[in-house]
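> Residue numbers (this note's numbering): 934 to 1140. Every residue gets a Cβ at the ideal spot worked out from N, C-alpha and C, and that includes glycine. Please read these numbers as outputs of a predicted model, since none were measured by experiment.
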Ligand SMILES: [Zn+2]
């Protein structure tokens, strides 16, 4: 089955990890509980107990993370991130990360974090992808990521282990995204669907 690694609502029959706030944690079969860096308060109020209770019923935590250009100061974001990572450890939940211009800070914050980590919305240089993979991240590509010829060439060479695709807040279905990516990678769509679905289930510990 096609797998959408990160979206905010289901768009097809595909398996999807739907990012939701605590009040929607029971709305879909497979959700990640979000605490987006953009919506963090500017002061340190701690994590509400309702959030922790909702996490127990979610497949994953996220999107959480660091954004240098939006939300409160990076230092405040880091404080919340540290607490959220503790929660994910306690409940043994994989985590989905939003990260804008703060990769060194993200790598520092997640050092020693044991559950699976997914870097979502990737469309960067192959060097950055290599670094994330070296730090044991799973990586989910933005729908148009492989329009970067250097990235497409790199993935063709390296293979698909720990990689996937997402629709995020676009209108396209993951089936369309995967069909296009398969052409860019010169694969049969079925091969790409199978490989990324295996990675999706591995990320969620659904072996
Ligand atoms: Zn998103």
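Note down, one range per segment and in chain order, each alpha helix (DSSP H) of at least 4 residues found wholly within the segment 976-1016.
982-989
> Mind checking whether residue 1065 and residue 1072 have CB atoms under 8 Å apart?
The answer is yes: Cβ separation under 8 Å.
> Going by C-alpha distance, which of 979, 992, 971 and 1023 is nearest residue 1006?
971
> Sorry if obvious, but does the Cβ on residue 1064 come closer than 7 Å to a heavy atom of ligand 1?
no
> Helix, strand or coil: which one does DSSP assign to residue 1051?
strand
> Reducing DSSP to helix, strand and coil, say where residue 1100 ends up.
coil
> Whole angstroms is fine: what's the gap from residue 1120's alpha carbon to residue 1084's?
If I take the Cα positions, the gap works out to 15 Å.
> Enumerate in chain order the residues of its own chain whose CB-to-CB distance from residue 1026 is below 7 Å, with the five nearest sequence positions on each side excluded.
988, 991, 993, 994 and 1048
> In angstroms with no decimal places, state the Cα-to-Cα distance between residue 1062 and residue 1012.
26 Å
> If you measure between the beta carbons of residue 1131 and residue 934, is that distance less than 8 Å?
no
> Which class does residue 1043 belong to by DSSP, given the choice of helix, strand or coil?
Three-state result, residue 1043: coil.
> Just checking residue 1101 against ligand 1 - is the residue's beta carbon closer than 7 Å to any of the ligand's heavy atoms?
The beta carbon of residue 1101 sits closer than 7 Å to at least one heavy atom of ligand 1.
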